[in-house]
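Novice: Chains A and P supply the protein sequences, listed in that same order. Residues 463 to 934, numbered by my numbering, are exactly what the first sequence covers, in order. Residues 463 to 934, numbered by my numbering, are exactly what the second sequence covers, in order. Beta carbons are placed, not taken as given, at the ideal position from N, Cα and C, and that holds for glycine. These figures come from a predicted structure and were not determined experimentally. I'd like to ask some things about the structure below.
Protein chains: 2
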Amino acid sequence: MSRLDDVCRQVLAKVTPTREERDRVLRLAGEVIARVSEEAGKLGVKVKPMLVGSMAKDTWISGDQDVDVFMVFPQTYSFEEIGKLGLEIARRVTGGRGEEQYAEHPYLRAEVDGYMFDFVPCFEIEEAAQLRSSVDRTPLHTRYVLSRMDERLRGETRLLKAFMKGVGVYGAELKTGGFSGYLCELLTIKYGSFESVLTAAVSWGSQEVIDIERHYDDPEKARRMFNSPLIVVDPVDPRRNVAAAVTLQRLSEFRAAAMFFLEEPSESFFFPPKLSPLTVDELAAKMRERGTSMIFIEFGTPKLPPDNLWGQLTRSLQSIQKTLEGGGFRVISRDVWSSGEKTVFIFELESRRIPAAKRHLGPPPASPHQRRFIEKHLNAPSTLSGPRVEGDRWVVEVKRKYTEADTLLRDALKNPSGIGLGSYVAEKVSEGFSLYVDEEILSYYSRNREFQEHFTLTITGKPRWLTQRKEE
Amino acid sequence: MSRLDDVCRQVLAKVTPTREERDRVLRLAGEVIARVSEEAGKLGVKVKPMLVGSMAKDTWISGDQDVDVFMVFPQTYSFEEIGKLGLEIARRVTGGRGEEQYAEHPYLRAEVDGYMFDFVPCFEIEEAAQLRSSVDRTPLHTRYVLSRMDERLRGETRLLKAFMKGVGVYGAELKTGGFSGYLCELLTIKYGSFESVLTAAVSWGSQEVIDIERHYDDPEKARRMFNSPLIVVDPVDPRRNVAAAVTLQRLSEFRAAAMFFLEEPSESFFFPPKLSPLTVDELAAKMRERGTSMIFIEFGTPKLPPDNLWGQLTRSLQSIQKTLEGGGFRVISRDVWSSGEKTVFIFELESRRIPAAKRHLGPPPASPHQRRFIEKHLNAPSTLSGPRVEGDRWVVEVKRKYTEADTLLRDALKNPSGIGLGSYVAEKVSEGFSLYVDEEILSYYSRNREFQEHFTLTITGKPRWLTQRKEE
């Protein structure tokens with residue numbers, strides 16, 4: 463048996479739910495579904511409750527606690543009605559417990575006997591062309607996967623999911639930008655085994671097109687339609703790219719890890735040991751060694767569904783980078799860390815201070831605009847040198863308003879929506895923010911245990927599966 | 463009378479040599495030429511001595527002291543012979559005084575009665591096609607200009623020369639990269655007056671072609687032939703661009719000044735008042751205000767003819783800039799100052815210190831080179847962070863060797879030809895150099911009067927004709 467087979471066998475033993483685990487969750491799901499029917503009946507609502515997702519497809523990984531119960535309504539109901547009725551039924555089932563969430567419809571997320579149940583309303587459709595919201599497709603996905611998978615393929619899917627989790631590319635939410643469970647299932651169906659998926663991924667080209675049901679006669683058409691780093695045409699809906707959420711970053715990481723794993727199979731790709739955070743002294747030494755400047759902006763985390771939150775955070779992070787760069791500061795890297803309470807934007811700058819002198823290009827010599835440019839800048843208080851001719855342009859050196867990045871940020875964040883922060887982030891920043899610069903971040907780091915692991919990864923800057931190879 | 467006419471009249475009165483001045487130099491030149499004939503006769507050499515250049519063409523500016531006496535040899539002599547014989551005759555005329563210079567032939571430069579005479583050997587040719595070295599053309603130039611100029615045009619030429627001197631674009635030597643006297647004469651012939659030359663220059667396009675004798679039927683052909691910022695086809699030689707020495711910088715400065723002068727005529731364009739150098743305190747304040755870093759490299763000036771010297775200095779300055787930039791330092795501006803004894807390379811840097819961290823791009827993820835890249839950098843002592851995947855490339859941050867510009871320079875200048883300095887400069891630098899950084903340049907500045915005016919212009923960075931407009 464090859465090393466790879468050996469590793470896979472051991473991993474599979476760990477990630478396959480035991481019969482007891484499986485029986486327990488399926489029995490629980492059955493009971494919950496019966497309760498949904500019962501409560502719907504009492505309300506006189508026609509609805510078919512249905513177990514969907516990885517529990518239904520039996521591709522879940524041992525220890526997963528998420529159960530998706532869809533409430534399938536006939537098309538005779540209105541869009542608003544199924545949201546309202548769905549919530550009402552679900553609340554009755556959970557005895558009023560649970561948290562309301564919002565996607566296209568409102569839905570309920572509630573813990574039942576140690577499992578996290580999502581109660582999601584959707585419309586019954588026969589084919590994707592009829593869909594009214596994207597969740598309507600989910601039952602079709604479940605049906606498709608069930609029809610194409612046997613026991614062996616379920617195991618291969620589990621291996622792929624576990625690998626993706628281990629190397630940090632699993633999850634289609636905006637925060638991760640990785641591979642969804644359905645995408646893992648489709649890849650396994652397409653290539654026939656975990657190992658074959660990895661082998662194929664290593665040789666994927668740019669904008670690889672995977673079109674299992676051959677909805678497109680030419681991959682170029684699919685590329686024009688989707689224009690994503692990876693394109694996996696949904697077998698049940700040609701208008702959808704199942705890999706739409708996958709960023710180039712995660713795709714690249716997955717392919718890099720796949721190649722490495724094939725060359726040198728190891729369980730550590732699946733189960734990376736927990737990273738031990740740098741001590742404060744180690745962090746201080748790292749920062750001295752780098753010689754760069756580090757700035758943290760801390761503020762209260764806006765209360766938003768995760769994807770909305772990460773959309774806002776990403777957009778805001780970009781606006782702040784633009785503000786810094788517009789002021790002449792060079793951003794080496796940026797990062798964001800967000801817990802329920804606090805969010806931290808992290809910027810590493812080439813330097814906290816930059817020179818006051820800034821080149822400002824003027825019109826060509828002897829152009830009609832020459833006189834105005836010279837009259838504006840000659841002997842102006844803001845002029846440091848010039849105006850002078852350089853090659854075929856007038857040039858003047860003017861004084862920058864801000865020569866320190868933190869001063870610029872403090873001023874810019876007084877008007878957070880003015881620099882393009884997302885509105886919810888802007889609101890929170892207006893309520894107050896803290897700025898930590900260089901050595902100040904050390905005390906922040908020492909006070910925030912939760913933050914330490916994240917920042918240790920940021921500053922050492924290695925994928926975790928590489929971090930673990932130290933002593934091999 | 464317009465303001466412009468008024469200014470021109472006053473300038474003309476100052477720059478036109480008086481009858482006495484003219485008579486004196488022509489008489490002197492006549493005597494010298496007679497002596498050349500006499501000495502040539504004694505040696506049995508057939509040579510026609512001839513007054514050429516601006517004295518012969520009567521386009522010189524009052525106060526000019528340069529007299530060009532060409533010794534025109536028949537083609538029966540060899541290239542080497544006329545060099546040797548020319549020097550021999552000239553030395554006999556000057557009584558052995560004077561300094562040997564080198565262009566295509568050796569020639570003699572000697573003071574006679576307060577004037578600086580150049581005794582230059584050349585071959586007699588009827589037309590440019592026969593020329594054996596570029597000086598052979600000079601008598602043809604003199605003949606051409608004399609045939610095309612009247613008294614009025616001579617005055618217009620003097621105005622143009624004086625204007626170009628005043629705004630710093632006069633002189634075809636490499637150090638200046640500006641307009642030669644012959645070029646001024648041709649421009650005046652072409653446009654008919656000083657004012658018309660300026661007006662035309664303001665509207666010159668990119669690679670303007672001036673072809674007085676219509677040697678080319680299409681300006682595009684001349685552009686393909688010469689490819690310079692300004693193209694003035696030599697009336698006596700279609701293969702020569704009289705403006706070949708004119709850099710884009712000087713051309714732009716001339717055009718900018720021309721436009722300004724036409725809008726606001728003033729004698730100060732012709733006679734810029736002497737700049738008063740900054741005091742040491744003023745310089746220190748300017749440097750603090752700019753917030754940049756300044757580095758001087760001082761070494762002994764190589765003993766070379768000016769054009770060779772400036773070729774070497776320019777090339778060396780560029781190599782040092784490349785060395786700095788290759789090390790990650792950002793050069794804001796560079797400059798060179800050279801006296802007979804000492805030369806100073808001047809670099810203004812965004813910062814003297816840069817962070818140790820340097821991004822190094824690796825292969826794409828999952829490429830065949832991935833493993834070697836990772837094995838090389840993972841846990842290497844030079845690695846600061848990574849390797850990690852960024853988008854579609856592996857990236858690692860490595861430690862720079864030099865984080866201070868002066869340390870880099872001190873090491874690099876130990877092997878001056880290794881970084882591409884011109885060989886004569888490299889030799890001098892090997893004999894020893896001094897490095898002055900930031901506040902150290904203040905004491906250098908205070909000790910070197912000659913240097914102060916140059917550096918004041920550098921740091922205020924305005925054309926001198928703009929400097930003078932302060933209180934208007």
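1. Between the Cα of residue 718(A) and the Cα atoms of 866(A), 570(A) and 662(A), which residue gives the shortest distance?
2. Using 10 angstroms around the beta-carbon of residue 839(A), count the other beta-carbons present and answer buried if the total reaches 16, otherwise exposed.
3. Any idea what DSSP makes of residue 705(P), helix, strand or coil?
4. What ranges does the beta strand (DSSP E) occupy inside the region 724-780 of chain P, keeping only unbroken runs of at least 3 residues that lie completely in it?
5. For a quick check, are the C-beta atoms of residue 918(P) and residue 740(P) less than 8 Å apart?
6. Between residue 934(P) and residue 716(P), what straight-line distance do the alpha-carbon atoms span, to the nearest angstrom?
7. Considering only C-alpha positions, which residue in the set 834(P), 846(P), 705(P) and 517(P) is nearest to residue 859(P)?
8. For residue 739(P), which residues in chain A fall below 7 Å Cβ to Cβ?
9. Cβ closer than 7 Å: which chain A residues qualify as neighbours of residue 662(P)?
10. Within 10 Å of its beta-carbon, does residue 480(P) have 16 or more other beta-carbons around it, so buried, or fewer, so exposed?
11. Considering only residues of the same chain and omitting the five flanking positions on each side of residue 932(A), which have a CB-CB separation below 8 Å?
12. Between which two residues does the beta strand (DSSP E) holding residue 583(P) run?
13. How long is the line joining the alpha carbons of residue 579(P) and residue 842(A), rounded to whole angstroms?
14. Taking CB distances under 8 Å as the criterion, tell me whether residue 932(P) reaches chain A.
15. Determine the closest residue to residue 538(A) out of 585(A), 493(A), 524(A) and 555(A), with distance taken between C-alpha atoms.
16. Residues of chain A with CB under 8 Å from residue 827(P), in chain order?
17. Taking 8 Å as the CB-CB limit, is residue 851(P) close to chain A?
18. Could you check the C-alpha separation between residue 423(P) and residue 531(P) for me, to the nearest Å?
19. Tell me which same chain residues have a C-beta within less than 7 Å of the C-beta of residue 769(P), skipping the five on either side of it?
20. Looking only at its chain, what residues have a beta carbon closer than 7 Å to the beta carbon of residue 666(A), apart from the 5 residues adjacent to it on each side?
21. Only counting the same chain, and skipping five residues up and downstream in sequence, which positions put a Cβ closer than 6 Å to that of residue 615(P)?
22. Of the residues that make up the region 880-906 of chain P, which ones have a beta carbon closer than 9 Å to any beta carbon in chain A?
23. In whole angstroms, give me the CA-to-CA distance for residue 882(A) and residue 777(A).
24. Taking Cβ-Cβ distances below 9 Å as the criterion, which residues of the region 833-861 of chain P are in contact with chain A?
25. Cα separation between residue 879(P) and residue 888(P)?
26. Are residue 727(A) and residue 477(A) close, meaning C-beta to C-beta below 8 Å?
27. Quick check on residue 641(P): does DSSP put it in helix, strand or coil?
28. Give me the Cβ distance between residue 473(P) and residue 641(P), rounded to the nearest whole Å; I'm assuming they're in contact under 8 Å.
29. Where does residue 884(P) land, buried or exposed, given buried means 16+ other C-beta within 10 angstroms?
30. Starting from residue 572(A), follow the beta strand (DSSP E) in both directions and report where the run begins and ends.
31. Give the residues of chain A in contact with residue 760(P), contact being defined as C-beta atoms less than 8 Å apart.
32. What is the residue span of the beta strand (DSSP E) that residue 600(P) lies within?
33. Is it buried or exposed, residue 877(A), if we count other Cβ atoms within 10 angstroms and call 16 or more buried?
34. Span of the alpha helix (DSSP H) holding residue 478(P)?
35. List the residues of chain A that residue 752(P) touches, going by C-beta distances under 7 Å, in chain order.
36. Would you tell me roughly how many angstroms separate the C-alpha atoms of residue 576(P) and residue 503(P), rounded to the nearest one?
Specialist: Concretely, from the data shown:
1. Working through the first sequence from its first residue, we reach residue 718(A) at position 256. The shortest C-alpha separation from residue 718(A) is found at 662(A).
2. The residue given as residue 839(A) occupies position 377 in the first sequence. Looking at its Cβ environment, which holds 16 or more other Cβ atoms inside 10 Å, residue 839(A) is buried.
3. Your numbering for residue 705(P) matches position 243 in the second sequence. Coil at residue 705(P), not helix or strand.
4. 755-762
5. As a first step, residue 918(P) must be located in the second sequence, where it is residue number 456. As a first step, residue 740(P) must be located in the second sequence, where it is residue number 278. Against a cut-off of 8 Å, the Cβ pair of residue 740(P) and residue 918(P) comes out as a contact.
6. Sequence index remark: in the second sequence, residue 934(P) carries index 472 (1-based). Sequence index remark: in the second sequence, residue 716(P) carries index 254 (1-based). Reliability fails at residue 934(P), whose pLDDT of 35 lies under 50, so the model's placement of it is uncertain and no value is given.
7. By 1-based counting over the second sequence, the position of residue 859(P) is 397. Out of 834(P), 846(P), 705(P) and 517(P), 846(P) has the C-alpha closest to the C-alpha of residue 859(P).
8. Along the second sequence, read from residue 1 onward, the residue named residue 739(P) stands at position 277. The premise fails here: residue 739(P) is roughly 15 Å from chain A at the closest Cβ pair, so nothing lies under 7 Å.
9. On the second sequence, residue 662(P) is found 200 positions in, with the first residue counted as 1. Within chain A, no residue comes near residue 662(P); the closest Cβ sits about 11 Å away, beyond 7 Å.
10. Counted from its first residue, the second sequence places residue 480(P) at position 18. Flag for residue 480(P) reads exposed.
11. Stepping through the first sequence from its first residue, residue 932(A) is reached at position 470. Note that residue 932(A) has pLDDT 43, beneath the 50 cutoff, so the model's placement of it is unreliable and the number below is only indicative. Counting only Cβ-Cβ distances below 8 Å, and skipping sequence neighbours, we find nothing.
12. If you number the second sequence from 1, residue 583(P) lands on position 121. Segment 577-585, the beta strand (DSSP E) holding residue 583(P).
13. Within the second sequence, residue 579(P) is the residue found at index 117, counting from 1. Within the first sequence, residue 842(A) is the residue found at index 380, counting from 1. Going by the C-alpha atoms only, they are around 47 Å apart.
14. Mapped onto the second sequence, residue 932(P) falls at position 470. Low local confidence applies: a pLDDT of 43 at residue 932(P) is under 50, so the model's placement there is unreliable, and no value is given.
15. Here residue 538(A) refers to the residue found at position 76 when the first sequence is read from its first residue. Comparing alpha carbon positions, the residue from 585(A), 493(A), 524(A) and 555(A) closest to residue 538(A) is 585(A).
16. Within the second sequence, residue 827(P) is the residue found at index 365, counting from 1. Simply 714, 715, 717, 718 and 721.
17. Against the second sequence, residue 851(P) aligns to sequence position 389. Cβ-Cβ to chain A under 8 Å: yes for residue 851(P).
18. Residue 423(P) lies beyond the stretch modelled for chain P, which goes from 463 to 934, so this question has no answer here.
19. As a position in the second sequence, residue 769(P) is number 307, starting the count at 1. These residues qualify, in order along the chain: 635 and 636.
20. Locating residue 666(A) in the first sequence gives position 204, counting from the first residue. Cβ neighbours of residue 666(A) beyond the five flanking positions: 717.
21. Residue numbering aside, residue 615(P) sits at position 153 when the second sequence is read from its first letter. The answer, listed in chain order, is 650.
22. none
23. Here the question's residue 882(A) lines up with position 420 in the first sequence. Here the question's residue 777(A) lines up with position 315 in the first sequence. Straight-line measurement puts the Cα of residue 777(A) at about 8 Å from the Cα of residue 882(A).
24. 833, 836, 840, 841, 846, 847, 848, 849, 850, 851, 852, 853, 854, 855, 856, 857, 858, 859 and 861
25. Taking the second sequence and counting its residues from 1, the one referred to as residue 879(P) is at position 417. Taking the second sequence and counting its residues from 1, the one referred to as residue 888(P) is at position 426. Whole-angstrom Cα-Cα distance: 6 Å.
26. Position 265 of the first sequence, counting from 1, holds the residue named residue 727(A). Position 15 of the first sequence, counting from 1, holds the residue named residue 477(A). Their beta carbons are not under 8 Å apart, which means residue 727(A) does not touch residue 477(A) by this criterion.
27. Numbered from its first residue, the second sequence carries residue 641(P) at position 179. Residue 641(P): strand per DSSP, three-state reduction.
28. Translated into the one-based positions of the second sequence, residue 473(P) becomes position 11. Translated into the one-based positions of the second sequence, residue 641(P) becomes position 179. No, residue 473(P) and residue 641(P) are not in contact; Cβ-Cβ is about 17 Å, not under 8 Å.
29. Counting from 1 along the second sequence, the entry for residue 884(P) is found at position 422. By the neighbour-count rule (16 or more Cβ atoms within 10 Å), residue 884(P) is buried.
30. On the first sequence, residue 572(A) is found 110 positions in, with the first residue counted as 1. 568-574 is the extent of the beta strand (DSSP E) around residue 572(A).
31. On the second sequence, residue 760(P) is found 298 positions in, with the first residue counted as 1. In chain order: nothing, as chain A lies at least about 23 Å away.
32. Counting from one through the second sequence, the residue named residue 600(P) turns up at place 138. From DSSP, residue 600(P) is part of no beta strand (DSSP E) but of the alpha helix (DSSP H) over 600-610.
33. Looking up residue 877(A) in the first sequence gives position 415. So residue 877(A) counts as exposed.
34. On the second sequence, residue 478(P) is found 16 positions in, with the first residue counted as 1. Where residue 478(P) is concerned, there is no enclosing alpha helix (DSSP H), because DSSP gives it neither an H nor an E.
35. As a position in the second sequence, residue 752(P) is number 290, starting the count at 1. Within chain A, the residues near residue 752(P) are 817, 818, 819 and 846.
36. Translated into the one-based positions of the second sequence, residue 576(P) becomes position 114. Translated into the one-based positions of the second sequence, residue 503(P) becomes position 41. When rounded, the distance between both Cα atoms is 26 Å.
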